[in-house]
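To keep things clear, I will list the structure first and then write my remarks on it.
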Amino acid sequence: MSEKEFPGWHGTTIIAVRKGGQVVIAGDGQVSLGNTVIKGSARKVRRISPGGYDVVCGFAGSTADAFTLLERLEAKLEKSPGQLQRAAVELAKDWRTDKYLQKLEAMLIVSDGRDLYVVTGAGDVLEPEHDVTAIGSGGNYALAAGRALMDGEHSAEEIARRAMAIASDICVFTNGNLTVETIAG
Numbered sequence: 001m002s003e004k005e006f007p008g009w010h011g012t013t014i015i016a017v018r019k020g021g022q023v024v025i026a027g028d029g030q031v032s033l034g035n036t037v038i039k040g041s042a043r044k045v046r047r048i049s050p051g052g053y054d055v056v057c058g059f060a061g062s063t064a065d066a067f068t069l070l071e072r073l074e075a076k077l078e079k080s081p082g083q084l085q086r087a088a089v090e091l092a093k094d095w096r097t098d099k100y101l102q103k104l105e106a107m108l109i110v111s112d113g114r115d116l117y118v119v120t121g122a123g124d125v126l127e128p129e130h131d132v133t134a135i136g137s138g139g140n141y142a143l144a145a146g147r148a149l150m151d152g153e154h155s156a157e158e159i160a161r162r163a164m165a166i167a168s169d170i171c172v173f174t175n176g177n178l179t180v181e182t183i184a185g
C-alpha cells in the first residue's frame, strides 16, 4: 500500500486544565486506522518522575514518536531537576534542529503542577492563556468546552472530564475511555 493510499492513524484528544492549585491532564483511549477503531483503551497520559520530580504528560500523534519525546524530556529533566520550562525549551530546540527528531509526528502537553506547556515539533513551547489547553483530533472541541466550563464552580478534574465527554460526542476519533492524572502545584 502506497503512502497515498494509506488511510492514516487518527486518534487522541488530550486536555489539560489548571484550576484550584491543581493541573489535570485527561486523554481518551481511541486509536483509529482510517475509519476503523484499532484500540479503544490506549493510555496517552503518563506520569514521569525523573529524580523524584513528578511531571504529567499527555501526547497526541504517533505513539512511538511520543515515547521517544517523553524519553528525551525525561533525560532533560534529569539534567535540570525541577526546571520544566528549561527542559521543555531544550526538547523543542532539539526537536526542531535534529534531523531524526524532525520526522517525529506528535505533540505533548506537560505539567509539573505549577507550569503547563504544549510542546510541538515546530519549536513551540506554549503556555495556555486561559489555563486550559488541548491537542489532538478532538482538541478544539475539548478546548472550547473546557474554556466554557472554567467560569463555573467545577473542579479542574470535573472540567476535564466534562470537556472530554463533549469532545467524544462530536469527534469520531475520540472515545470516552479516559486516563486522568492530577498533579498539585
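Residue 82 in UniProt numbering sits at position 82 of the sequence shown, with consecutive numbering throughout. Don't be surprised by glycine CBs; every beta carbon is placed ideally from N, CA and C.
Taking C-beta to C-beta, are Ile25 and Ala142 nearer than 7 Å?
No, Cβ-Cβ distance for Ile25 and Ala142 is not below 7 Å.
Can you give me the C-alpha to C-alpha distance between Gly21 and Gly113, rounded to a whole angstrom?
About 8 Å.
Return helix, strand or coil for Met1, following the three-state DSSP convention.
Low confidence applies to Met1: its pLDDT is 42, below 50, so where it sits in the model is not reliable enough to give any reading.
Any chance the stretch 169-176 sits against the stretch 133-141, with 3 or more Cβ pairs inside 8 Å?
Output reads yes: the stretch 133-141 touches the stretch 169-176.
From Arg43, Val110, Gln83, Pro50, pick the residue whose C-alpha is nearest to that of Cys57; which is it?
Taking only the C-alpha atoms, the option nearest Cys57 is Val110.
Under a three-way DSSP split, which group does Thr69 fall into?
Looking at the sequence itself, residue 69 is Leu, so the reference to Thr does not match. In the structure shown, Leu69 sits in a helix (DSSP, three-state: H, G or I).
If we count the other Cβ atoms within 10 Å of its Cβ and call it buried at 16 or more, is Phe67 buried or exposed?
The residue is exposed, with fewer than 16 neighbouring Cβ atoms inside 10 Å.
Does the count of Cβ pairs from the stretch 61-76 and the stretch 31-48 closer than 8 Å reach three?
The stretch 61-76 vs the stretch 31-48: in contact.
Compute the Euclidean distance between the alpha carbons of Lys44 and Ala165, then round it to the nearest angstrom.
Those two C-alpha atoms are separated by around 16 Å.
Can you tell me whether DSSP reads Ala160 as helix, strand or coil?
In this structure, Ala160 counts as helix in the three-state DSSP scheme.
Could you check what DSSP says for Gly136 in three-state terms: helix, strand or coil?
In this structure, Gly136 counts as strand in the three-state DSSP scheme.
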